[in-house]
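Q:
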């Protein structure tokens, strides 16, 4: 039988000299020392700043993490979900905010309304808008469309689609409004059917109307090819169009809309109530300053202007509100992931009490044991952060692609999320690491 020492020494030297036996014993001692070092961890007093000690610590931490792959997957899943929620929600929040502000820029940010100022100085003559206000405004660079709009007082007269029989007063109390031909373009009107009236109808005071879709539904009119008529009181008007949608002037959808010339002729309309202006994107603030002078150069202060707020401020408010909401959701998900790492690491400590005791008995210091469990937690957190970042980026890009949006990703958050996962792992593993380092060798070995 070959002894352990002979087996470690390797094959005998052909010369059979004593030097061969000594070399074999030396190799055996070195191999045994290596095994002890791996079990015991870094030797007492050796710094963890580089060299074999750090390498040993990383080796043992990786071995501890990979020893239980199912638990590793389940533990990492919490951090993956937390980081993915953080990156995805912030990315989607910024993308959605960009789309919202873009829509704001294209609609509300291009609308300017000018009307007489009813709160003018005492003794000052009440201002009136001239009928040619749209033509004056179109001379300004940046005005895409303009039109006047007014509410017409028809008294107690009802609107109906057929004439009442024998003086019967059946009908609906609908709002009647007067407009210039340019109003429909200024408020981005979309027709459901028919056409808009034009400047010729206005100049001739033709008895024609355009109905909002809600008013048309109440009157039972859904087509204009048969030239239906509505009656305001006893006066008949031909319906030439039905509005389907407008931007910024929703009351038009509930109204019967007359040309200005018809309203002046039949109801003695004195002046327009307001002027709706659609500007080029970014020109609203400038047009708001120039419009009163263009309409009434002698008394511009008698007119009030309703202009949108600065676009940059609105965009910043929308983005900050959405980001605050989504950051809160991401933080909750990260908290859940951190608690998962802490629970699993603590369970791992309880399961490896005998291993910890053996390491302590072979010379491992408390800081070495704590360091190993901290590194394991950091590795789990980093892996979760890396996978979660990938999932969050793919989620943002995928949703943006399906919605035909332009994805917006915060580069700092995208590249910093894996490090954030590692930080979560470090914080979550602090208590379990301290718990492991507090285990006494004799207690652990006796309990095993």
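Residue numbers (my numbering): 79 to 526.
Idealized CB from N, CA, C, for every residue including glycine.
1) Along the chain, where does the beta strand (DSSP E) containing residue 289 start, and where does it finish?
2) Please work out which residues of its chain come closer than 8 Å, Cβ to Cβ, to residue 269, disregarding the five sequence neighbours upstream and downstream, and give them in chain order.
3) Quick check on DSSP: helix, strand or coil for residue 466?
4) Note the first and the last residue of the continuous alpha helix (DSSP H) segment covering residue 384.
5) Since residue 384 contacts residue 338 with CB under 8 Å, what's their CB separation in whole angstroms?
6) So, at 8 Å on beta carbons, what are the nonlocal neighbours of residue 378 in its own chain, with the 5 sequence-adjacent residues on each side left out?
7) Apart from the five residues just before and just after residue 290, which ones in its own chain have a Cβ nearer than 6 Å to its Cβ?
8) Would you say residue 590 and residue 267 are within 8 Å of each other, going by their C-beta atoms?
9) Let me know the secondary structure DSSP gives residue 205 once reduced to three states.
10) Does DSSP put residue 115 in a helix, a strand or coil?
11) Take every Cβ of the stretch 497-507, pair it with every Cβ of the stretch 440-460, and state whether three or more of those distances are shorter than 8 Å.
12) Which whole runs of the alpha helix (DSSP H) in the stretch 211-252 are 4 residues long or more, in chain order?
13) May I ask you to list the residues that DSSP assigns as paired with residue 256?
14) Under a three-way DSSP split, which group does residue 267 fall into?
15) What is the DSSP secondary structure of residue 293, counted as helix, strand or coil?
16) Residues in its own chain within less than 6 Å of residue 294 by CB, not counting five upstream and five downstream?
17) Quick check on DSSP: helix, strand or coil for residue 49?
18) Quick check: what's the CA-CA separation for residue 374 versus residue 236?
19) Cα separation between residue 478 and residue 189?
20) Span of the alpha helix (DSSP H) holding residue 492?
21) Take residue 230 and list the residues in its own chain whose beta-carbon comes closer than 8 Å to its own, dropping the five residues that flank it on each side.
22) With distances taken between CB atoms, is the gap from residue 223 to residue 272 smaller than 8 Å?
23) Bridge partners for residue 321 per DSSP, in chain order?
24) With a CB to CB cut of under 6 Å and the five nearest residues on each side skipped, what residues in its chain are close to residue 499?
25) What does DSSP give as the partner residues of residue 313 in its beta bridges?
26) In chain order, what residues of the same chain lie with their CB nearer than 7 Å to the CB of residue 357, ignoring the 5 residues before and after it?
27) Do you know offhand how far residue 466's Cα is from residue 159's?
28) Helix, strand or coil: how does DSSP classify residue 485 here?
A: By the coordinates alone:
1) As a working note, residue 289 is residue 211 in the chain shown. Counting along the chain, the beta strand (DSSP E) containing residue 289 begins and ends at 286-290.
2) The count along the chain shown starts at 1 and reaches residue 269 at position 191. Within the same chain, residue 269 has close Cβ partners 319, 320, 321 and 322.
3) As a first step, residue 466 is located in the chain shown; it is residue number 388 there, counting from the start. Per DSSP, reduced to three states, the secondary structure at residue 466 is helical.
4) For this step, residue 384 is matched to residue 306 along the chain shown. Membership of residue 384 in any alpha helix (DSSP H) is not indicated; the residue belongs instead to the beta strand (DSSP E) covering 381-384.
5) As a working mapping, residue 384 is identified with position 306 in the chain shown. As a working mapping, residue 338 is identified with position 260 in the chain shown. Approximately 21 Å separates the beta-carbon atoms of residue 384 and residue 338; this is outside 8 Å, ruling out the contact.
6) As a first step, residue 378 must be located in the chain shown, where it is residue number 300. Closer than 8 Å at the Cβ level, and outside the excluded window around residue 378, lie 370 and 371.
7) Locating residue 290 in the chain shown gives position 212, counting from the first residue. Hits under 6 Å: 321, 330, 331, 332 and 333.
8) Given a span of 79 to 526 for the chain in the structure shown, any question on residue 590 remains unanswerable.
9) Counted from its first residue, the chain shown places residue 205 at position 127. Looking at residue 205 - three-state DSSP - the assignment turns out to be coil, as it is neither helix nor strand.
10) Taking the first residue of the chain shown as 1, we reach residue 115 at position 37. Caution applies to residue 115, whose pLDDT of 48 falls short of 50 and renders its modelled position unreliable; the model cannot decide the point.
11) Contact between the stretch 497-507 and the stretch 440-460 is present: 3 or more CB-CB pairs across the two stretches fall below 8 Å.
12) The qualifying runs are 211-215.
13) Here the question's residue 256 lines up with position 178 in the chain shown. Its beta-bridge partners are 228 and 336.
14) Taking the chain shown and counting its residues from 1, one reaches residue 267 at position 189. Three-state result, residue 267: coil.
15) Along the chain shown, read from residue 1 onward, the residue named residue 293 stands at position 215. Here residue 293 sits in helix by DSSP.
16) Your numbering for residue 294 matches position 216 in the chain shown. Within the same chain, residue 294 has close Cβ partners 320.
17) The chain is shown only over 79 to 526; residue 49 falls outside these bounds and no answer can be derived.
18) Counted from its first residue, the chain shown places residue 374 at position 296. Counted from its first residue, the chain shown places residue 236 at position 158. Taking the Cα positions, residue 374 is about 36 Å away from residue 236.
19) The residue labelled residue 478 in the question sits at position 400 within the chain shown. The residue labelled residue 189 in the question sits at position 111 within the chain shown. Rounded to whole angstroms, residue 478 to residue 189 spans 28 Å at the Cα level.
20) To locate residue 492, count along the chain shown from 1; it is residue 414. Per DSSP, residue 492 belongs to the alpha helix (DSSP H) from 489-506.
21) In the chain shown, the residue the question calls residue 230 occupies position 152. The beta carbon of residue 230 sits closer than 8 Å to the beta carbons of 254, 255, 256, 336, 341, 345 and 347 from its chain, once the five residues preceding and following it are set aside; these are given in chain order.
22) Here residue 223 corresponds to residue number 145 of the chain shown, with the count starting at 1. Here residue 272 corresponds to residue number 194 of the chain shown, with the count starting at 1. With respect to the 8 Å criterion, residue 223 and residue 272 are not classified as neighbours on the basis of their beta carbons.
23) Position 243 of the chain shown, counting from 1, holds the residue named residue 321. Beta-bridge pairing by DSSP links residue 321 to 269 and 290.
24) Taking the first residue of the chain shown as 1, we reach residue 499 at position 421. Contacts found: 157, 161, 459, 460, 462 and 463.
25) By one-based count along the chain shown, residue 313 stands at place 235. In DSSP, residue 313 forms a bridge with 310.
26) The sequence position of residue 357 within the chain shown is 279, counting from 1. Cβ within range, chain order: 188, 190, 220, 221, 222 and 365.
27) Numbered from 1 along the chain shown, position 388 holds the residue referred to as residue 466. Numbered from 1 along the chain shown, position 81 holds the residue referred to as residue 159. The alpha-carbon atoms of residue 466 and residue 159 are separated by roughly 6 Å.
28) For the purposes of this step, residue 485 is identified with residue 407 of the chain shown, where counting begins at 1. DSSP places residue 485 in the coil class of the three-state scheme, outside both helix and strand.
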